[in-house]
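Sequential numbering from 27 applies to the sequence shown in this note's numbering. In this text, a Cβ means the ideal position worked out from N, Cα and C, and glycines have one as well. In this text the structure is predicted, and so the values were computed from the model without any measurement.
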Amino acid sequence: MGDIFNLDNKFFQALGKGVDCVCLSLLWMICCIPLAFGIYVAYVTKAIILALPCIVLAVPAGIATTALYYAVNKVIRHSRGYLWSSFWHSFRSNMKQGALVTLIVAAAVVLVGLDGYIMYQFAKAGEKSGALYVVFFVLMLVVIAWAVYVFPYMARFENTTKMILKNSALMAIGNLPKTFMALMFFLACCIGTYLLPVVAIISPALATLLLNYILEGVFERYMSDEDREAENERNQEFYN
């Protein structure tokens, strides 16, 4: 009977991690409000030129995505540290570099997206050149797959902006099966959240947690033996 109310049993641990996922998801969504507003305005007005400000409005969301991955990996998966302090520690420490990285990634997404949208409109109008929208659709998937690596990489490693962008691309290319798996999972989560918006209160952190299991296997391959050993020691502290 005592085990039922033991806060250390698996039920309460799972419940605690679920609550942590909700809290992290809400923190992340708050940081995404400027981007969400920009997307909404561009969508309502049907003025594609208004998608350009979204490049700048994406900055808080990009930094928050790095912080989300950092907190999920540290607090939720490995039970180290505290939720609030871990999230904001990563947010503050990656603010300058994260802003630049986000601007680059967001610019790629917006520009490829706009070109694809324009080509799609040409296709609807019967223009032969409109068939190029398929090329931009595939290119958009490539950019998204790259972005899926960029922010987690920045959360896990310290490097120059150039090397963050380059190494993320190389990892994505060098691990195509896992990249494809991560991309499909990411898109499925986005579609699921769009169809059932209520899950947004937990889906960002939960999706990040599941992506963490895919990406950490990739990251570990590129870590030195010393870094890998130190990481394992930190992760085992909770269980000893």
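Pairwise C-alpha distance: residue j and residue i
i	j	result
F245	Y179	8 Å
F163	K204	20 Å
Q123	C58	18 Å
Y108	V101	6 Å
V224	M210	21 Å
V45	E153	52 Å
A195	I170	11 Å
C49	M55	10 Å
V176	G88	10 Å
V161	L222	30 Å
M27	A226	Annotation note: pLDDT 47 at M27 (below 50); position unreliable, coordinate value reported separately. If you take the alpha carbons of M27 and A226, they lie about 36 Å apart.
M166	S250	33 Å
A68	M197	33 Å
T71	R247	46 Å
A93	A157	39 Å
T91	L236	14 Å
R106	N193	27 Å
Proximal residues to residue i (C-beta, below 7 Å), its chain only, five neighbours per side dropped
i	result
A151	none
Y143	I74
C215	S229, A233
L140	I74, A77
I130	L191
A40	none
Closest Cα partner of residue i within the set the options
i	options	result
G42	V82, A73, V98	V98
T219	C80, S51, M189	S51
L191	A173, L222, A87, N201	A173
M121	K100, T187, L221	T187
F183	W114, R103, G44, S119	S119
L241	I81, M207, S229, G44	M207
N201	V161, L222, G243	G243
W110	Y248, Y69, L53	L53
P86	A157, A134, L126, A40	L126
C80	A93, R247, I217, Y66	Y66
Own chain residues within Cβ distance below 6 Å of residue i, not counting five before or after
i	result
Y146	Y159
A84	L61, T128, A132
C47	I228, A231, L232
G64	P79, C80, L83
Residues of its chain near residue i, where Cβ-Cβ distance is below 8 Å and the 5 sequence neighbours each way are ignored
i	result
N238	Y95, V98, N99, R103, P178
S155	M145, F148
L213	I170
**Q.** Uninterrupted alpha helix (DSSP H) stretches inside the stretch 116-159 (no shorter than 4 residues)
**A.** 121-150
Q.
What ranges does the alpha helix (DSSP H) occupy inside the stretch 42-104, keeping only unbroken runs of at least 4 residues that lie completely in it?
A. 59-71, 80-83, 85-97
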